[in-house]
Amino acid sequence: MASNRRFYSSDRRIKVCNITFALIMIIFASRLFYLQVIKGEVYLERSKNNTISKQRIISPRGLIYDKNGYELAVNRPSINVYLTIEKTKNLEKTLSNLSSIVKVEFKSLIKKIKNKNRYKPVLLLRDINQKTLAKVQENKFSLRGVTTDHVLVRKYPFGRSYPHLIGYLREIDTQDITKANKNKKKLTNYKKGNLIGKEGLEKTHERFLRGGVGIERREVDAHGRIKRIISPFQQKPGNNLHLTIDLKLQRKVSELFSAYEGSIIALNPNSGAILSMISHPNYDPNIFSGKLSKKNWNSIISNDSNPLMNRALMGTYPPGSIFKSIMAFAFLSHPEFKEKNEFYCNGKINIGKRKQTFECWKEHGHGKMGLKDAIAQSCDVYFYKAGKIMGIDHIAKYASQFGLGKKTGLSKIENSGLLPTKVWKKKVERERWYLGDTLNMSIGQGYHKMTPIQAASFTSAIANGGKIYQPYIVEKITNSSGKQIFKQKPVIRKRIHDENRFLEKVRTFLKETVNGPKGTGKKAKSNSFIISGKTGTAQVAKLEITGRKRNPEELAKKRRDHSWFIAFAPFKKPKIALVILAENSGLQGSYFGSMAKEIIEFYMKEKRGIRN
Amino acid sequence: MRSENNMSQKNLSLSSLANRIDLTLLITTILLCLIGVFMIYSATFLDENVLIRNLWKKQLLFFVIALVLISIVLSIHYRHFVNLSLVFYILVLSLLLTVYFSGDTVYGSKRWLSFGALRIQPSEIAKIVVILIYSFFLGTLERSNVLSFRVIFYPTLFLIPLAILVYKQPDLGTSIVIILIAVIILLAIGVTRRLLFSFLFIGCASIPLSWNYLLKPYQQQRILTLLSPESGTLGTQWQSKQSIIAIGSGKIMGKGHLGGTQSSLQFLPEKHSDFIFSVICEEYGFIGAIAILMLLAIIVQRCFDISMKATDEHGKILALGIGILFALQIVFNIGMTIGIFPIVGITLPLISYGGSSFITSIIAIGLVMSVDLRRKTF
């Protein structure tokens, strides 16, 4: 112990530390004595009477309107049924009572309350109707612990005519959240079971549409009644979207096209504003609101035609003869056009050493014709020959000027199609570019793939004299108090170089196609104003395999031809550009001329109606 | 009867270890750990988040790890820890720097570092490293030098970067604890009166300065809340008020096990860590609260006792520092829950949930036991 002497002074100070600590502990003990023994009864009373309940509140989602103020997506009140396990007297009995009242299997109810917090209401049934609600309320006494509550669910008034445009909402699950977080898209403020936009604008504009989330602390008495709101949450409804879509036109188009699969897009060629956009087969987005029956879901999922896919943006098809309108522009711009612009069509052309044959759709040929007639009558041989003169590089250069092979910029979820080039073929197909590829390309066949929105974009560029607008659907966004927070201005992505006003010529060719005596688009001819257009029949199966005498019934549905029709009107000052694509219809593109005419006339009449 | 010489050569056989171990300290520690697991379950079993509901299992696992850790720390001479203190220092400093530049943000503070599934809080480790550093520097000094300002200067030089980095997280509570540990060690081992007064002077003078330049608005708010309850923001005011309601409502006998959590405490986000004492008070009443206070006091008292009995200066300062660490944490945490101190994020040692703070406390206990064990082997 001798060495310990040295620390005498510090030992004394350690004792001081020890005593200080002990004193503080005594102070704490007396404070506890005061709180728990002397004032205990007061605090016990307070803890009994005042319970704080935290309520997480999601403000209503923003609404979506068409260009004339018609509602496309709204919120409707619905009634949900909850059960608080703690409040039931006999859980099994309550559940079996409920199951017989609402006619839901007992087992499925049991499943829902498994491993759930017994003090909190558990969601049992979604969106019950008024009749069921009345029954539940009548049997209140045999259903202790069962409560009902109003919540808002999404409603799409004419949902079936625009499901791909707007999309729908689904409950988010834990997987979605972890997945999003992995992709560094933090889904903060989302909890399992919250609604999130899937597909369409509900998805792309989620952050605008979703209402503000907040927590409200409430003081609740022993019976669960709200005594006082401690920190109120000011509801912040989501922002409203005002679209360029014309609901009346949209419904008309959807109705006209109901027998077909494919897509129709109508837009304003002077701004890129989309007036109508449909994709068929469609579905009713309302089935995703409230309860979704297995039957409904299966009918969507098991459909081979994939109704969930938005064909307007995601479907890619060979453009067929509608591509000839671009070919015409490319040929007009070619230096050799002046010397050689008339060809003879005898129904086919042979090229290469092996005398490979490329046929025209008209078996015995069109005879001698110029570019205008070649477009109007959609002569294949003319464009084979023109394509051979121009070569792939020249064609691709002009096609890319019209925006082909690139996304139009309408949406993030969009297919870019495919504009084949020599470089592309070398890289992807590991093969050199053959003359045959050029000829296929010249009539819009071969590797060439286009989305309906791309077709709509180039059609409106022809209509407006060379301006490639970025198509858009959302005209403006307003907040819940009506203040405008976003306004879309037309965006010109590109201008087509057209010093010699060749586009004007192409326009007259398309006018001839519909209005000329031999035009393939005759069915679209209108008596009220001049409609211009171009037909297209895109072959899915190769010519060599199927031969000329194809029988649509014999071909499997998936191998039938696609039909295209592009149009714009009126001729002088176009107000509407239109694309019709009928997937695997097996029909000639010209067949859809009359539908194009009906749509355009409907729109023009409606427009005039509004003005008057 | 073995001679002391013989024992040091054999480096303590297992049976002698069991005989000479400080059983009071060991049993009290284990008791507090188990009470902690029990209370964490009680505080969280109603939580809607499965992860939080399962925290008690994690804490139980930590407890098993803790038993292993205590035996490992015990089997190594504490001198090795002291001698390696500079290595630990560099390690913890780099961890804190990493946190500063790329830590995980939780509740607005950057305090955690993730290594795969493992998440550590370097500021907790910093507390014990500070004690090791002081033991290292002050333990080797001659008696006469202990009093000189120059000597205090060296360990303080090491202390400052740690305190600043922890403060920057921002974790005001822990940085205060780190500084106070150092100051109290110096006072306790015998700095002169003159130095003592200059310490006091600097301390008083720094209060207004630090209020204006060091404290964040929310930290000022917490202190203001305490001084005048009406001025506080709803958040901190409610935490403090509800904690007091929970404690008071426990009365003498408490509401019984699992009886309290659903009434007054459901608002507290930290009820399983920082506010675990409120849960204890609500469920076990005044009796339970006093029992816990006494168990905690035993821990601190044992540390100081072992420090006083230590035959080597390193061990003495080590046990002293650890005693101070526990004392400060207990005072801050309980003072906060019963509304005497502002709300700072300090855990209740051995009881609160929290891997890093729990493991650090366990290592600290192991070191103190090691000092006690090796007292007579020199």
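Protein chains in written order, with my numbering: chain Y, -10 to 601; chain S, 1294 to 1671.
Ideal placement from N, C-alpha and C gives every residue a C-beta, glycine not left out.
All values reported here derive from a predicted model rather than from experimental measurement.
Between the C-alpha atoms of residue i and residue j, what's the straight-line distance to the nearest angstrom?
i, j, result
"P1522/S", "H1565/S", "Note on P1522/S: pLDDT 45, under 50, position unreliable in the model; the coordinate value appears next. Going by the C-alpha atoms only, they are around 24 angstroms apart."
"E1606/S", "L1621/S", "22 angstroms"
"A585/Y", "G189/Y", "25 angstroms"
"N619/Y", "M439/Y", "The requested residue 619/Y does not occur in the structure, where chain Y is confined to residues -10 to 601."
"K1548/S", "E1575/S", "6 angstroms"
"G1432/S", "M1601/S", "14 angstroms"
"E1326/S", "L1641/S", "A small correction: the amino acid at residue 1326/S is Cys; Glu does not occupy that position in the sequence shown. Going by the C-alpha atoms only, they are around 11 angstroms apart."
"V202/Y", "Y1371/S", "54 angstroms"
"L230/Y", "F1381/S", "59 angstroms"
"H551/Y", "V142/Y", "39 angstroms"
"T397/Y", "N1347/S", "51 angstroms"
"S176/Y", "K416/Y", "Going by the sequence as given, residue 176/Y is Leu instead of Ser. The straight-line gap from Cα to Cα measures roughly 39 angstroms."
"K596/Y", "A566/Y", "14 angstroms"
"L1480/S", "L1613/S", "11 angstroms"
"N7/Y", "K100/Y", "58 angstroms"
"S431/Y", "A527/Y", "12 angstroms"
"A1539/S", "M1332/S", "14 angstroms"
"G536/Y", "P66/Y", "With a pLDDT of 45 at G536/Y, under the threshold of 50, the modelled position of this residue cannot be trusted; read the value that follows with caution. Distance between the alpha carbons of G536/Y and P66/Y is about 59 angstroms."
"I1323/S", "K1350/S", "16 angstroms"
"K82/Y", "V1637/S", "49 angstroms"
"L1319/S", "D1665/S", "12 angstroms"
"S1468/S", "A1456/S", "5 angstroms"
"L114/Y", "S97/Y", "10 angstroms"
"I1655/S", "Y1506/S", "36 angstroms"
"G304/Y", "P563/Y", "26 angstroms"
"T509/Y", "A365/Y", "6 angstroms"
"N228/Y", "L80/Y", "43 angstroms"
Using a Cβ-based criterion (distance less than 6 angstroms to any ligand heavy atom), does residue i qualify as near the ligand GTP?
i, result
"Y59/Y", "In terms of ligand content, the structure shown is empty, and the ligand GTP therefore cannot be addressed."
By DSSP's criteria, residue i is part of a beta bridge. Which residues make up the other side?
i, result
"R35/Y", "In DSSP, R35/Y forms no bridge with anything."
"Q44/Y", "E205/Y"
"F347/Y", "I338/Y"
"H231/Y", "Y54/Y and K465/Y"
"P66/Y", "L141/Y"
"K187/Y", "Y157/Y"
"Q473/Y", "T467/Y"
"S265/Y", "A255/Y"
"S552/Y", "T526/Y and A571/Y"
Ordered along the chain, which non-local residues of its own chain (more than five positions away) have a Cβ less than 6 angstroms from that of residue i?
i, result
"S1378/S", "L1425, I1426 and F1429"
"I267/Y", "V242, S243 and I253"
"I1639/S", "G1466, Q1622, F1625 and N1626"
"S1645/S", "S1566 and I1569"
"E1417/S", "S1649, S1650 and T1653"
"G578/Y", "T524, G525, T526, S552, W553 and F554"
"K1609/S", "S1600 and A1603"
"Q164/Y", "none"
Under the assumption that residue i contacts residue j (Cβ atoms under 8 angstroms), give the Cβ distance between them as a whole number of angstroms.
i, j, result
"G525/Y", "P308/Y", "6 angstroms"
"R496/Y", "K456/Y", "13 angstroms between Cβ atoms; not a contact."
"L1660/S", "L1611/S", "6 angstroms"
"T1676/S", "R1595/S", "Shown here, chain S extends from 1294 to 1671; a query on residue 1676/S therefore has no answer."
"M1662/S", "L1360/S", "Contact flag wrong, Cβ pair sits at about 13 angstroms."
"I462/Y", "L154/Y", "7 angstroms"
"I68/Y", "D116/Y", "7 angstroms"
For residue i, which residues of its own chain have a beta-carbon under 7 angstroms away from its beta-carbon, when the five flanking residues on both sides are left out?
i, result
"G1552/S", "E1576"
"I315/Y", "Y387, A388, F391 and F447"
"T346/Y", "K337 and N339"
"L1344/S", "none"
Only counting the same chain, and skipping five residues up and downstream in sequence, which positions put a Cβ closer than 8 angstroms to that of residue i?
i, result
"D382/Y", "T410 and K411"
"L424/Y", "I340, G341 and K377"
"F1355/S", "G1648, F1651 and I1652"
**Report entry** Validate contact between the region 355 to 369 of chain Y and the region 321 to 335 of chain Y using beta carbons, cut 8 angstroms, 3 pairs
**Finding:** yes
Query raised in the report: How about the region 127 to 139 of chain Y and the region 264 to 279 of chain Y: do they share at least three Cβ pairs that are nearer than 8 angstroms?
Result: no
Query raised in the report: Between the region 46 to 59 of chain Y and the region 233 to 249 of chain Y, do at least 3 Cβ pairs fall closer than 8 angstroms?
Result: yes
Report task. Report yes or no: do the region 471 to 478 of chain Y and the region 239 to 259 of chain Y share at least 3 C-beta pairs separated by less than 8 angstroms? Result -> no
Report task. Count the CB pairs spanning the region 150 to 166 of chain Y and the region 178 to 189 of chain Y that are closer than 8 angstroms, and state whether there are at least three. Result -> yes
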